[in-house]
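Protein chains: 2
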Amino acid sequence: MALSEEKQKQIVDAAIAEFQEKGYAGASMDRISCRANVSKRTVYNHFESKDVLFSAIIQRLADRLNAALEIAYDPDRPIRPQLERLAWAEGDLLTDPDFMKLARMVMGETIRDPELAADMNSRMTKTAVFEEFMARANADGKLHAPDPQLAAEQFLGLIKSQGFYPRIFTDAPVSREEMAGIVDRSVEMIMKSYGRE
Amino acid sequence: MALSEEKQKQIVDAAIAEFQEKGYAGASMDRISCRANVSKRTVYNHFESKDVLFSAIIQRLADRLNAALEIAYDPDRPIRPQLERLAWAEGDLLTDPDFMKLARMVMGETIRDPELAADMNSRMTKTAVFEEFMARANADGKLHAPDPQLAAEQFLGLIKSQGFYPRIFTDAPVSREEMAGIVDRSVEMIMKSYGRE
DNA sequence: AAGGTAAACTATTCAGTGTAGTTTAGGCGC
DNA sequence: GCGCCTAAACTACACTGAATAGTTTACCTT
């Protein structure tokens, strides 16, 4: 139903804000329902517990990440713009304030438990896509990266060390202009190391 | 009193572990007293509230950081080993599991509030020491860094981007050997950019 | 006498439930 | 289109039970 879906969206939005501000333990279901302009019972009709609600939000973040990074290597196009596009797939997320807020929240909750954090990090860090891409370009003779996994990690590392980690503690993500520079420099570095132009 | 001091240490250690595991909101004063093998009243005799106890731990971390970084430029010694020593002052902390655990805890608590996070970051990031050092070496003619603040940030950034950020989510800090490499490469880069040998 | 212990106690917050009543949207006869 | 019905979804609110910050009291140890 349309109404139900709308209520659900209100709940999720309110929950994101509440979890973001107070953390999991500090968040209150009463406040969430209040922020969502919805009765507490409705919250529980949509999400059977606080935990389920929290997990649903995490899942939403992961889904979004996976969707954004569905990029495959195309042998018919030159390598450099493809690397740029790949970098921008990550860059788009990192320049989005909402994504960064969500990411910050998840990090705050998981950082204390290294195992959980590692799991979350692997769900959030789609090295696999980068790795696959590198391996394909390699096989196609457009790159010369003996260790595609390392190359993928370096590529992502270059982007995140400039565009993500330094901004975890800040309200403002990197601007599109800054990201353009980051993408350029990162692609340049990968091309210098592994390029075959 | 010696006994009292010992109890206090037990309390602080237990509190660190508890805050680390559960976060501020999730931590329980009952569990802290239990972990410390101390009565709850004793906890409250030493620290008048949960908040005070938490702050005391933060302060302890900040103090340790400040103490570790009390390094001044010495015009009578060559610049490179002095840069290495400065880098190692930071490196020592980053290779210490206890320090990293504390840092992770503080980050988890502050990350949600950008203002608090920025404040904490400034308390934890002693750019000032690096900056002062750079400026002195500059005035002494051993370095040529037109913007000492930038140079200091770059120096620290090089170290932290390799030795800190990638390890926030991991249980294991960088090893001393890895840190040696990080220090070498970072000093090398600074010398290449600003050196006058 | 100084500091510690143990355990009960207060007051509060909060996750989650139960219930009785209300809104909404769509279907159906007309 | 119009009134009427139904069922699902929502609301308001009181309630339970558990956890928890912080206090009090009476007693113990060195």
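Protein chains in written order, with full-length UniProt numbering: chain A, 1 to 197; chain B, 1 to 197.
Positions of the beta carbon are idealized from the N, C-alpha and C atoms, including for glycine.
Owing to the predicted nature of the structure, the values given are computational and were not obtained by experimental measurement.
1. Return the Cβ separation of B:Ile168 and B:Met124 in integer angstroms, given the expectation that the two are a contact with Cβ distance under 8 Å.
2. Exposed or buried, which one is B:Arg104 when buried takes at least 16 other CB atoms within 10 Å?
3. Count the CB pairs spanning the stretch 43 to 56 of chain A and the stretch 26 to 34 of chain A that are closer than 8 Å, and state whether there are at least three.
4. Quick one, which residues of the stretch 147 to 168 of chain B are near chain A if we go by CB-CB under 9 Å, in chain order?
5. Could you check whether A:Ile182 and A:Gln154 sit closer than 9 Å to each other, using their CB atoms as the reference points?
6. DSSP puts A:Val143 in a beta bridge; with which residues?
7. Report all residues from its chain with a CB closer than 6 Å to the CB of B:Met134; omit the five preceding and five following residues, and keep chain order.
8. Rounded to whole angstroms, what's the CA-CA distance from B:Ala2 to B:Leu61? Just pull it up for me.
9. Going by beta-carbon coordinates alone, are B:Arg185 and B:Thr95 separated by less than 9 Å?
10. Would you kindly report the start and end of the unbroken alpha helix (DSSP H) that includes A:Lys126?
11. With H, G and I counted as helix, E and B as strand and the rest as coil, what does DSSP make of A:Phe164?
12. Distance check for A:Ala87 and A:Ala72, CA to CA, integer angstroms please.
13. Helix, strand or coil for A:Ser28 per DSSP?
14. Go ahead and pull the three-state DSSP assignment for residue 206 of chain B.
15. If the cut-off is 9 Å on Cβ atoms, which residues from the stretch 75 to 96 of chain A count as contacting chain B, listed in chain order?
16. CA-CA distance, B:Glu5 and B:Phe164?
17. Can you grab the Cα-Cα spacing for the pair A:Arg35 / B:Asp171, in whole Å?
18. What is the DSSP secondary structure of B:Thr110, counted as helix, strand or coil?
19. Would B:Ser193 be called buried (16 or more neighbouring beta carbons within 10 Å of its own) or exposed?
20. Which residues in the same chain as A:Glu84 place their Cβ atom closer than 7 Å to its Cβ, once the five residues preceding and following it in sequence are excluded?
21. Under a Cβ-count criterion, where at least 16 other Cβ atoms within 10 Å of its own Cβ denotes burial, should A:Gly141 be classed as buried or exposed?
22. Let me make sure I understand the geometry here. Which of B:Glu109, B:Met179 and B:Leu143 has the alpha-carbon closest to that of B:Pro78?
23. Relative to the C-alpha of A:Pro75, which residue among A:Leu69, A:Ala137 and A:Val38 is closest?
24. Quick check on the DSSP output: the alpha helix (DSSP H) that includes B:Thr42 runs from which residue to which?
25. Can you confirm whether B:Ala2, when its beta carbon is compared against all beta carbons of chain A, has any partner nearer than 9 Å?
For this structure:
1. Not really, about 12 Å apart at Cβ, beyond 8 Å.
2. B:Arg104 should be labelled buried.
3. Look at the beta carbons and you see the stretch 43 to 56 of chain A touching the stretch 26 to 34 of chain A: at least three pairs across the two are nearer than 8 Å.
4. Listed by position, the residues of the stretch 147 to 168 of chain B near chain A (Cβ gap below 9 Å) are Gly157, Lys160, Ser161, Gln162, Phe164, Tyr165, Pro166 and Ile168.
5. Here A:Gln154 is not near A:Ile182, since their CB atoms are 9 Å or more apart.
6. Reading the sequence as shown, one finds Leu at residue 143 of chain A and not Val. Bridge pairing for A:Leu143: A:Gly195 [DSSP].
7. Ala145, Pro148, Ala151 and Ala152.
8. Low per-residue confidence applies at B:Ala2: pLDDT is 44, beneath 50, and the placement is therefore not dependable, though the value from the model is reported in the following sentence. Distance between the alpha carbons of B:Ala2 and B:Leu61: 22 Å.
9. Cβ distance not < 9 Å, so B:Arg185 and B:Thr95 don't count as in contact.
10. Element bounds for A:Lys126: n/a, residue is neither H nor E.
11. In this structure, A:Phe164 counts as coil in the three-state DSSP scheme.
12. Rounded to whole angstroms, A:Ala72 to A:Ala87 spans 12 Å at the Cα level.
13. Reduced to three states, the DSSP call for A:Ser28 is coil.
14. For residue 206 of chain B there is no data in the structure shown, the boundaries of chain B being 1 and 197.
15. Hits within the stretch: zero.
16. Counting only the Cα atoms, B:Phe164 lies some 32 Å from B:Glu5.
17. A direct Cα-to-Cα measurement between A:Arg35 and B:Asp171 gives close to 37 Å.
18. Assignment of B:Thr110 by DSSP, reduced to helix, strand and coil, places it in the helix class.
19. Exposed is the call here.
20. These residues qualify, in order along the chain: Val183 and Val187.
21. Exposed: under 16 other Cβ atoms inside 10 Å.
22. Out of B:Glu109, B:Met179 and B:Leu143, B:Leu143 has the C-alpha closest to the C-alpha of B:Pro78.
23. When each option's Cα is compared against that of A:Pro75, the closest is A:Ala137.
24. Taken as a continuous stretch (DSSP letters only), the alpha helix (DSSP H) holding B:Thr42 covers Lys40 to His46.
25. Low per-residue confidence applies at B:Ala2: pLDDT is 44, beneath 50, and the placement is therefore not dependable, though the value from the model is reported in the following sentence. For B:Ala2, the answer is no, since every Cβ of chain A falls outside 9 Å of its Cβ.
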